[in-house]
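Visitor: My numbering numbers the first residue of the sequence shown as 2 and each following residue consecutively. C-beta atoms are modelled at their ideal positions from N, C-alpha and C, and glycine is treated no differently. Please read through the structure below; I'll follow up with questions.
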Amino acid sequence: MAAETAPDKLQGFLYKKSPAGPIYQKRLFTAENGSLSYEGGRHRTKALPLIDIERITQTCKMRLEFSVVFRVVDSATTSHTEFAFRAEDREALALWTQGLGKHIDYEKRRADQTFTADGGSLVPQERKAQKAAKHLDATFSKQSMTGELLFYKGSVIKPWQKREVTVVGPTVLYSKKGGGWQNAISLLETKTITINSTTNFEFELRTHHASFKFRATDRAEFYRWVNGLQQAHQKLTSQV
2 MAAETAPDKL QGFLYKKSPA GPIYQKRLFT AENGSLSYEG GRHRTKALPL
52 IDIERITQTC KMRLEFSVVF RVVDSATTSH TEFAFRAEDR EALALWTQGL
102 GKHIDYEKRR ADQTFTADGG SLVPQERKAQ KAAKHLDATF SKQSMTGELL
152 FYKGSVIKPW QKREVTVVGP TVLYSKKGGG WQNAISLLET KTITINSTTN
202 FEFELRTHHA SFKFRATDRA EFYRWVNGLQ QAHQKLTSQV
């Protein structure tokens, strides 16, 4: 069976309601590679996994408003699950509500196919045999570019904090455990990936606008992340 083609990339301006009050801020949004993302203040990119979105609802036809609701991954750390948006015109409203629906359906179908391919419909003996065969075929990027790292926040009380980190396409996503909007670092905008300390297992990504420091838990994880990110960065920038 031929692989299903992903929906077209969505990109355009939407007004996102601020969680602090009834203020809508204009932001450039993009839906592709499994994420809905936008650039916030201080050139910081935020991203939400499309597969975590449960529904999209048109809330006010006259004001061209709609809401996006995502599932609660961890109720202890997820502060809110609904985000309100306002489109610039009726065409943009239809484009985003219908287009996001297509992206979400595509990501869920991909997840279902992966579940089946990973033995979701097999008996235990078949699943064990398939898992052993797949282990021999596992690639570095599939195995290692996701996990938990310490992220440098710079606060006095707790400067290093745990974050879930994963690489999706040309983007490094990191967030607190529990889902919701993730912070994103573009590998295309990354200038350098350097080792700060082999003793503390610390490395740093520098973009044109900011620097991001991470620490691994041990030497193996440290070199796995540094080497993997450098390889991904080199591959992406060589194609530009």
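What are the start and end residues of the beta strand (DSSP E) that includes Ala85?
Guide: Its beta strand (DSSP E) spans residues 83 to 87.
Visitor: State the start and end residues of the unbroken beta strand (DSSP E) segment that holds Ser68.
Guide: 66 to 71
Visitor: What residues in its chain sit with their C-beta under 8 Å from that of Gln231, if we drop five residues either side in the sequence?
Guide: Ile194
Visitor: Could you check the C-alpha separation between Ser19 and Arg110 for me, to the nearest Å?
Guide: The alpha-carbon of Ser19 is positioned some 32 Å away from that of Arg110.
Visitor: On the three-state DSSP scale, how would you describe Ser156?
Guide: coil
Visitor: May I ask which residues mark the beginning and end of the beta strand (DSSP E) holding Leu174?
Guide: Counting along the chain, the beta strand (DSSP E) containing Leu174 begins and ends at 172 to 176.
Visitor: Cα separation between Asp1 and Thr167?
Guide: Residue 1 is absent from the model: the chain starts at 2 and stops at 241.
Visitor: Any contact of the segment 43 to 62 with the segment 18 to 35, i.e. 3+ C-beta pairs under 8 Å?
Guide: yes
Visitor: When the Cβ atoms of the segment 208 to 225 are set against those of the segment 184 to 199, are three or more pairs found closer than 8 Å?
Guide: Yes, the segment 208 to 225 is in contact with the segment 184 to 199.
Visitor: Apply the 10 Å Cβ neighbour rule to Ile196 and answer buried if 16 or more other Cβ atoms are within range, or exposed otherwise.
Guide: Result: exposed.
Visitor: Determine the direct distance from the alpha carbon of His44 to that of Met63, and round the result to whole angstroms.
Guide: 32 Å
Visitor: Could you spell out where the beta strand (DSSP E) holding Arg216 opens and where it closes?
Guide: 212 to 216
Visitor: Where does Phe223 land, buried or exposed, given buried means 16+ other C-beta within 10 angstroms?
Guide: buried
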